[in-house]
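Numbering (the working numbering), first residue to last: 22 to 720.
Note that beta-carbon positions come from the ideal geometry of N, C-alpha and C, so glycine has one too.
Heads up, the thing below is written out as structure tokens.
Here it is in structure tokens:
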């Protein structure tokens, strides 16, 4: 094992990044994606690879960055299907043999349009149904926006669906398209044309095609149809952005057009504005399960289940837990039958995997409790006794292990990308945690990350990290953007508190953010500063505050308070300056409980101004802000760049040392490795310049 002498930004950004481990139907091989950037060549190698479960030997299946959506063909031993994007928007379906990756791959079908989000399902007749997402043209067929050449770049919009994350909404809607694969004489081919599952409707599906999450979680396939989540594309107001619903379209054949339109699953509650996620058929196809949260209480995520025959749904969580306190689920899969689930839950800075029986008063059995579980599959198709689980943590970018659901044997590690941190000189001993008393008797959890060579007799500059969201949390997880181990290895102690609004501590704790954007979360930070005062290894004369998104909002709010005088330096990334204006510019203008109603000045002005960092009396205090680096990219449509420019100009106008870093091609996150290197260099150099007392570090 080659060990990095120093964990630097270049080491972090050039390290291989692995996707989830997906086992072959027979459990002998693992299919995964991997990318690695070379700063010498300024190139990123993207691969699809295979690893033998027993030996750990790995080999390449494909190294073309146009290959995507690779997965095993169910019902086979080691056959693989993947999509490959071609010139001018075309897409090909390719077939490969995982047992012999060098064997010639072949094309099973080609389509004159971009398609993605591939999902497959073995059918009883030996064929394999597949579903993809693609745009719908004016004629109702697949649309190729890559060849839709126009003389002008002008776009006209008639509703608020204009921008999302880093792009404009497309003029065409997405739809789900389906057909079947048939194996004839040892070769797979597609039977018939792609059929539009939502033809004749005004729906757009699957939900999440513009989001950062996997749109494959928003639809599923059974022997007799397709279930999916679709967004309401014509809500009455921008405040209802993201409202969606679950639908089911029965099919008599996966080679013929639907004979009926999709029907919505009827909820057994009066509330109609809601958010849905993770829709799944039960193994026998008779039930549809999904996660639901209401517009008025979005943090209260619950599992619902309905029947394909009645189109009605009921609250499974209420049936199992009654009124007992519980943690909202993040994701789930049926555990091989219709009566139990494998479920992930955020719990005190971790995302745990559990097994849950669907019966009254059942208790979940924890299977994986450390780190953050990101994916899990039965090791062998249809056999849920053993699972292949993918997770990560603060010192390990990718951990694959086999877990026994009965818990009679210990988990077996298949692969650790960082050798449990040792590859980069990291260890779990760098990470600890504590609890302290927040405002209003709340008990607040925080991580603290120290350098690997930490000496308790020395004093260290330290960094306070209010997280984004605000409905989010710091997790025991790896990141290539705000990597806490990397910051610690530069000689800092990091404090990452999960203040009011954080997830993983119960619905009531998350709800502490409601109508309290600059209230309870800020007061939790005030109490934290008092808690940290006696710690002998923290140099409070060299304290730094750094925040992104809502964390950037919190830095703005702190600039208006006396507490900011306790910090020697600040980092403000893609944050918020003027809250009411931000809510009219952002691509996420949802209202609900966070502001006690619509987030608009004309109807909710008092609430919006209450927590607005740009109130004149607060802006006057910005003259006391420490030297501040403002970072904001031009294609950030979540927190528009005008927020960062306003914050920077306010600091400049009041004589505060400040610098502005921007990227013309980045969005809410700096993703290009070369740009990310500049981000890290600029941030660390700015901090080092203004806390003083230490030698400049070698990047």
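Residue 326 bridges to which residues according to DSSP? Position 305 of the chain shown, counting from 1, holds the residue named residue 326. Looking at the DSSP assignment, residue 326 forms a beta bridge with 310, 335.
When burial is assigned at 16 or more other CB atoms within 10 Å of the CB, is residue 346 buried or exposed? Position 325 of the chain shown holds residue 346. Looking at its Cβ environment, which holds fewer than 16 other Cβ atoms inside 10 Å, residue 346 is exposed.
Beta-carbon contacts of residue 453 that lie in its chain and below 6 Å, excluding the five residues immediately before and after: Position 432 of the chain shown, counted from the first residue, corresponds to residue 453. Closer than 6 Å at Cβ, skipping near neighbours: 469.
Backbone secondary structure at residue 5 - three-state DSSP: Lying before the first or after the last residue shown, residue 5 is absent from the chain, which here runs from 22 to 720.
Exposed unless 16 or more other CB atoms sit within 10 angstroms - verdict on residue 280: Numbered from 1 along the chain shown, position 259 holds the residue referred to as residue 280. Label assigned to residue 280: exposed.
From this set, 524, 648, 30, 51, which residue's C-alpha is nearest residue 39's C-alpha? Indexing the chain shown from 1 puts residue 39 at position 18. If we check each option's Cα against that of residue 39, 51 comes out closest.
Would you please state the rounded distance, in angstroms, between the beta carbons of residue 670 and residue 580? I believe it to be under 8 Å. In the chain shown, the residue the question calls residue 670 occupies position 649. In the chain shown, the residue the question calls residue 580 occupies position 559. Between residue 580 and residue 670 the Cβ distance is about 13 Å, and since that is not below 8 Å, they are no contact.
Start and end of the beta strand (DSSP E) containing residue 663? By one-based count along the chain shown, residue 663 stands at place 642. Not the beta strand (DSSP E): residue 663 falls in the alpha helix (DSSP H), residues 662 to 674.
First and last residue of the uninterrupted alpha helix (DSSP H) at residue 649: Against the chain shown, residue 649 aligns to sequence position 628. Run containing residue 649: none in the alpha helix (DSSP H); it sits in the beta strand (DSSP E), 649 to 652.
Rounded straight-line distance, which links the Cα of residue 198 to that of residue 499: Numbered from 1 along the chain shown, position 478 holds the residue referred to as residue 499. Numbered from 1 along the chain shown, position 177 holds the residue referred to as residue 198. Each residue's alpha carbon lies about 35 Å from the other.
Just verifying my parser: in three-state terms, what is the DSSP assignment at residue 527? Stepping through the chain shown from its first residue, residue 527 is reached at position 506. Reduced to three states, the DSSP call for residue 527 is coil.
So, for residue 56: in the same chain, excluding its five sequence neighbours on each side, which residues have a beta-carbon less than 6 Å away from its beta-carbon? Translated into the one-based positions of the chain shown, residue 56 becomes position 35. Cβ within range, chain order: 38, 65, 67.
Would you identify the three-state DSSP class for residue 38, choosing helix, strand or coil? By 1-based counting over the chain shown, the position of residue 38 is 17. If DSSP states are grouped into helix, strand and coil, residue 38 belongs with the strands.
Among 465, 517, 633, 505, nearest to residue 536 - alpha-carbon criterion: Mapped onto the chain shown, residue 536 falls at position 515. The candidate whose alpha carbon is nearest that of residue 536 is 633.
Using the three-state DSSP reduction, which class does residue 271 fall into: helix, strand or coil? In the chain shown, counting from the first residue as 1, residue 271 sits at position 250. Three-state DSSP puts residue 271 in a strand.
On the criterion of 16 or more Cβ atoms from any shown chain inside 10 Å, does residue 615 qualify as buried, or is it exposed? Taking the chain shown and counting its residues from 1, one reaches residue 615 at position 594. Buried.
Backbone CA spacing between residue 227 and residue 236 [nearest angstrom]: Against the chain shown, residue 227 aligns to sequence position 206. Against the chain shown, residue 236 aligns to sequence position 215. Their Cα atoms are separated by approximately 6 Å.
Can you tell me the Cα-Cα spacing of residue 434 and residue 74, whole angstroms? In the chain shown, counting from the first residue as 1, residue 434 sits at position 413. In the chain shown, counting from the first residue as 1, residue 74 sits at position 53. Whole-angstrom Cα-Cα distance: 10 Å.
Would you mind listing the alpha helix (DSSP H) stretches within the segment 584 to 643 that are 4+ residues and don't spill past its ends, in chain order? 600 to 606, 622 to 631, 637 to 640
Report the three-state DSSP secondary structure of residue 699 (helix, strand or coil). As a first step, residue 699 must be located in the chain shown, where it is residue number 678. Residue state, collapsed to three classes: helix.
Under the three-state reduction of DSSP, which class applies to residue 173: helix, strand or coil? For the purposes of this step, residue 173 is identified with residue 152 of the chain shown, where counting begins at 1. Three-state DSSP puts residue 173 in coil, outside helix and strand.
Would you say the beta carbon of residue 49 comes nearer than 7 Å to a heavy atom of the ligand FAD? Of the ligands one can find in the structure shown there are none, so the ligand FAD has no counterpart to examine.
Cβ of residue 664 within 8 Å of Cβ of residue 597? Residue 664 sits at position 643 when you count from the first residue of the chain shown. Residue 597 sits at position 576 when you count from the first residue of the chain shown. Their beta carbons are under 8 Å apart, which means residue 664 touches residue 597 by this criterion.
Do residue 314 and residue 295 have their CB atoms nearer than 8 Å? Counting from one through the chain shown, the residue named residue 314 turns up at place 293. Counting from one through the chain shown, the residue named residue 295 turns up at place 274. Yes, Cβ-Cβ distance for residue 314 and residue 295 is below 8 Å.
Does the separation of the CB atoms of residue 447 and residue 424 fall below 8 Å? Residue 447 sits at position 426 when you count from the first residue of the chain shown. Residue 424 sits at position 403 when you count from the first residue of the chain shown. Not a contact, by the Cβ cut-off of 8 Å.
Backbone secondary structure at residue 67 - three-state DSSP: Residue mapping note: residue 67 aligns to position 46 of the chain shown, counting from 1. Of the three classes helix, strand and coil, the one that applies to residue 67 here is strand, per DSSP.
Quick one: grab the DSSP three-state call for residue 553. Start at 1 with the first residue of the chain shown, and residue 553 comes out as number 532. Helix, per DSSP.
I need the DSSP call for residue 138, collapsed to helix, strand or coil. Residue mapping note: residue 138 aligns to position 117 of the chain shown, counting from 1. Residue 138: strand per DSSP, three-state reduction.
What are the boundary residues of the beta strand (DSSP E) that includes residue 385? Residue 385 sits at position 364 when you count from the first residue of the chain shown. Segment: none, residue 385 is in no beta strand (DSSP E) and carries neither H nor E.
Give a yes or no on whether the C-beta atoms belonging to residue 48 and residue 374 are separated by under 8 Å. Locating residue 48 in the chain shown gives position 27, counting from the first residue. Locating residue 374 in the chain shown gives position 353, counting from the first residue. No. Outside cutoff.
State the CB to CB distance for the pair residue 675 and residue 28, rounded to an integer number of angstroms; the pair is presumed to be in contact (CB under 8 Å). Position 654 of the chain shown holds residue 675. Position 7 of the chain shown holds residue 28. Actually they do not touch by this definition, with Cβ atoms about 37 Å apart.
Report back the beta-carbon spacing between residue 130 and residue 233 to the nearest angstrom; my notes put them in contact at under 8 Å. Numbered from its first residue, the chain shown carries residue 130 at position 109. Numbered from its first residue, the chain shown carries residue 233 at position 212. About 29 Å separates the two Cβ atoms, so there is no contact after all.
Please name the residue, chosen from 338, 308, 322, that lies closest to residue 328 on a Cα-to-Cα basis. For this step, residue 328 is matched to residue 307 along the chain shown. Out of 338, 308, 322, 308 has the C-alpha closest to the C-alpha of residue 328.
Same chain, Cβ closer than 6 Å to residue 541, neighbours up to 5 away in sequence not counted: Your numbering for residue 541 matches position 520 in the chain shown. Apart from sequence neighbours up to five positions away, the residues of its chain that approach residue 541 with a beta-carbon distance below 6 Å are 460, 521, 533, ordered along the chain.
Mind pulling the beta strand (DSSP E) runs of 3 or more residues that sit fully within the segment 174 to 228? The qualifying runs are 195 to 205, 208 to 217.
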